[in-house]
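Order-wise, the sequence lines are chains A and B.
Count the first sequence with the UniProt record's numbering and you get residues 1 to 316, in order.
Count the second sequence with the UniProt record's numbering and you get residues 1 to 316, in order.
The block underneath contains the structure these notes are about, expressed in structure tokens.
Number of protein chains: 2
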Amino acid sequence: MPKSKRLMELMMTVNRKRRFKVQELADEFGVSKRTILRDLQELSELGVPLYSEVGPHGGYQVLRERVLPPIAFTEEEAVSMFFAVQALRHYSSLPFEAESASALNKFYLHMPGDVRDRIDSMKNRVDFLTPTRRGDAPCLAILLDAAVHQKVLTVEYESKEEEAKCRQIQPVCIYAHNGFWYCTAYCFLRQGYRVFRCDRIREAAHDTSGTEPLELGDIRLSRRDAAEPREPIRLRAQLSRIGVQRCEAELWLAPMLQVHADGSGTIDRDVSQGDIPFYTDFFIGLGEEAVLLEPKELREAIRRKLGEMLERYKGI
Amino acid sequence: MPKSKRLMELMMTVNRKRRFKVQELADEFGVSKRTILRDLQELSELGVPLYSEVGPHGGYQVLRERVLPPIAFTEEEAVSMFFAVQALRHYSSLPFEAESASALNKFYLHMPGDVRDRIDSMKNRVDFLTPTRRGDAPCLAILLDAAVHQKVLTVEYESKEEEAKCRQIQPVCIYAHNGFWYCTAYCFLRQGYRVFRCDRIREAAHDTSGTEPLELGDIRLSRRDAAEPREPIRLRAQLSRIGVQRCEAELWLAPMLQVHADGSGTIDRDVSQGDIPFYTDFFIGLGEEAVLLEPKELREAIRRKLGEMLERYKGI
DNA sequence: CATAATGGTGACAGAATCTGTCATGGACTC
DNA sequence: GAGTCCATGACAGATTCTGTCACCATTATG
């Protein structure tokens, strides 16, 4: 086997079995130990982070950052990666920020000048707008890690109403919406699923109290949808065409929305009694684009609030 | 020079000068023509799309898709690329969609199984929500290309009011906002900058009428900010803490918002008379979180609308 | 402390690969 | 037809790679 091929395969092998002995590889590749040693040194020079310990139970290890075998990308593929990362520039405190920067840097370094120019000018020509918020969410990375590996975290959460409070949570998924990051998680304190706003999580650390993670297998991205309304109450409303368009922008609403052929629509769904204040504001915001049919409690609340507002706009 | 190094450098050289002769390279690298020929064949086997023509004025060429020299990425870098592309999955008809898919595929193929699992599970755990809209924008790619290279396009645009109409435009920048794609461009028909919604552009093609592109050098991402209000009228309002938070979500509002130390805020800005209907809805939506002080026309409009709504919620 | 396991280095001859040269040929332009 | 340019094969000589061996250093284990 020509040396170059062997080096490639070696890199793959080495990355797969992260601990190994020289003799092992020598047998596997049918070459001498000396050759493997020389090869490993070359890999090392090529950037594979190898570490070795001598003595019994010693051997080689690949340190964290495992390296993929070199891949040849086309120019367009590289540009598309720039495009994707560029799209995220308005998100602050993203996980993988450093990594994607260093990946892009590798691409950039290997590009001929004309493509660099193209990238640079693209940066000024394309943008993805997202409302930028104050709150940083420093613990996104740890939340994401916990969600992926289903670990329990101890977090200090400052909810709207209360002071900061410690709780154990097991994150299920993380999502960005309208400029904020949210984390759906099982809350061991409340014994149920809750949505946390990530910028309100002051601290997050792996749980040390030994709480066992639950088996949440198939919940995944299903968010608050899973939560069954408590004290359910039927909500029915008709929407004009414009009303439908506005509701489609609200993700939480989309699933309960039925759109008719002419573009108008209907909402018909059980909701929690406790959410009435929320729906009050929402339907007032929709103005004449929505007609609320049920429940009468909500109609009553809307009427009362409209009255109050009208009162405040009385004087010219 | 060891062969492996030479191959790398050859790949770079070959990508830089896209046309070349064997003799040329032989001189440059100080090896014989025969060797270069052998090397070129190897490059070819490695995926570089080389094409040669014999005879005078013949020579080698690198075809379309130029390839970058193989780059070794760390696992984390690869994962970060998946993360970035993942973030865009709710955008339909993106430019570079095919390219980023094929790039991710290359990463995926070279990954050890455990990282694949990690990626797969991340896909279910993280998301970027964006309102998804009906309209596709099939011509994003050509618009982007025109913006980057400052070319003139002939487009068929169906504006809100009118039927589809052909015009020549010179795109300046493309941006996504709230689920829609927009394109700021110089419009030769209207002789000024206009913002087009990309899903309303039915057709786009390179202009053939020979319209010369303008020198728009430094305009770039500046968008509608430039538009001075016509018939300006002063708008003043006070916002509660919650009102401020809600306003910050609105991108167009952020620049006219002043936030006080206690979290409350003020809006004070000249706006167009014609926008009153828009502000009416907006301030009604803010409910008791905003107190509008001026102008009285707007207060009047709000009062009228509140009255109408109240009327509709009269019956229990 | 002796022993065995394991990595690390240098030297050198023989094996394998790579390279230059030469020869030949084909295709194309002028 | 002369000149340019790529394509391929053969082969000897140059270069690089590999295996072997000798020896060292470190460290766990009995």
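Glycine included, each C-beta is placed from N, C-alpha and C at the ideal position.
No experiment lies behind these values; they were computed from the predicted model shown.
Item                                                                                                                                                                          : Value
Looking at the structure shown, is residue 20 of chain B part of a helix, part of a strand, or coil, going by DSSP?                                                           : strand
Select from A:73, A:247, A:167, A:158 the residue whose C-alpha is nearest the C-alpha of residue 152 of chain A.                                                             : A:167
Figure out for me which residue from B:175, B:196, B:45, B:194 has the closest Cα to the Cα of residue 88 of chain A.                                                         : B:175
Quick check: the Cα distance between residue 23 of chain B and residue 33 of chain B, rounded to an integer number of angstroms?                                              : 6 Å
Using CA atoms only, rank isn't needed, just tell me which of A:214, A:137, A:86 is closest to residue 203 of chain A.                                                        : A:137
Identify whether residue 312 of chain A lies in helix, strand or coil by the three-state DSSP scheme.                                                                         : helix
Below 8 Å, how does it come out for the segment 302–309 of chain B and the segment 235–247 of chain B: are there three or more Cβ pairs, yes or no?                           : no
Bridge partners for residue 165 of chain B per DSSP, in chain order?                                                                                                          : B:157
Thinking C-beta only, is residue 171 of chain A closer than 8 Å to residue 143 of chain A?                                                                                    : yes
Once you ignore the five residues that flank residue 220 of chain B on each side, which residues in its own chain have a CB closer than 7 Å to its CB?                        : Only weak support exists for where residue 220 of chain B lies, its pLDDT of 48 falling under 50; the coordinates are left without a value.
Please tell me whether residue 138 of chain A has its Cβ less than 8 Å away from any Cβ of chain B.                                                                           : no
Do residue 195 of chain A and residue 184 of chain A count as a contact pair if the criterion is CB distance below 8 Å?                                                       : yes
Which partner residues of residue 201 of chain A appear in the DSSP bridge assignment?                                                                                        : A:157
Which residues, taken in chain order from the segment 66–90 of chain B, show a beta carbon closer than 8 Å to some beta carbon of chain A?                                    : 66, 67, 68, 69, 70, 71, 72, 73, 74, 75, 76, 77, 78, 79, 80, 81, 83, 84, 85, 87, 88
Using the three-state DSSP reduction, which class does residue 276 of chain A fall into: helix, strand or coil?                                                               : helix
Helix, strand or coil for residue 180 of chain B? Go by DSSP, reduced to three states.                                                                                        : strand
Give me the Cα-Cα distance between residue 146 of chain B and residue 107 of chain A, rounded to the nearest whole angstrom.                                                  : 24 Å
Apart from the five residues on each side of it in sequence, which residues of its chain come closer than 6 Å, Cβ to Cβ, to residue 189 of chain A?                           : 167
Would residue 311 of chain A be called buried (16 or more neighbouring beta carbons within 10 Å of its own) or exposed?                                                       : exposed
Starting from the beta carbon of residue 99 of chain A, find every residue of chain B whose beta carbon is closer than 8 Å, and list them in chain order.                     : 74, 76, 77, 79, 80
Cα separation between residue 271 of chain B and residue 74 of chain B?                                                                                                       : 52 Å
Cβ of residue 267 of chain A within 8 Å of Cβ of residue 237 of chain A?                                                                                                      : yes
Look at the alpha carbon of residue 343 of chain B and the alpha carbon of residue 21 of chain A, and state the distance between them as a whole number of angstroms.         : With chain B represented from 1 up to 316, any question about residue 343 of chain B goes unanswered, as that position is not in the structure.
When Cβ atoms are compared, which residues of the segment 283–296 of chain B fall closer than 8 Å to chain A?                                                                 : 284, 285, 287, 288, 291, 292, 296
Leaving out five residues on either side along the sequence, give the residues of the same chain with a beta carbon under 6 Å from the beta carbon of residue 256 of chain A. : 267, 269
When you compare only the Cα positions, how much space is there between residue 208 of chain A and residue 64 of chain A?                                                     : 23 Å
For residue 29 of chain A, would you say it is in contact with chain B, using Cβ-to-Cβ distances shorter than 8 Å as the test?                                                : no
For the candidate residues A:114, A:179, A:48, A:201, whose alpha-carbon lies nearest to that of residue 165 of chain A?                                                      : A:201
Assign residue 262 of chain A to one of three DSSP states: helix, strand, or coil.                                                                                            : coil
List the residues of chain A that residue 201 of chain B touches, going by C-beta distances under 8 Å, in chain order.                                                        : Those do not exist, as residue 201 of chain B stays about 16 Å from chain A at its closest Cβ, beyond 8 Å.
Whole angstroms are fine: how far does the CA of residue 214 of chain B sit from the CA of residue 191 of chain B?                                                            : 11 Å
Measure how close the beta-carbons of residue 177 of chain A and residue 128 of chain A come, nearest whole angstrom, since I'm counting them as under 8 Å.                   : That belief does not hold up - the Cβ atoms of residue 177 of chain A and residue 128 of chain A are roughly 14 Å apart, past 8 Å.
Can you grab the Cα-Cα spacing for the pair residue 61 of chain B / residue 205 of chain A, in whole Å?                                                                       : 56 Å
Which term fits residue 95 of chain A, buried or exposed, when burial requires 16 or more other beta carbons within 10 angstroms of its beta carbon?                          : buried
Cβ closer than 7 Å: which chain B residues qualify as neighbours of residue 281 of chain A?                                                                                   : 287
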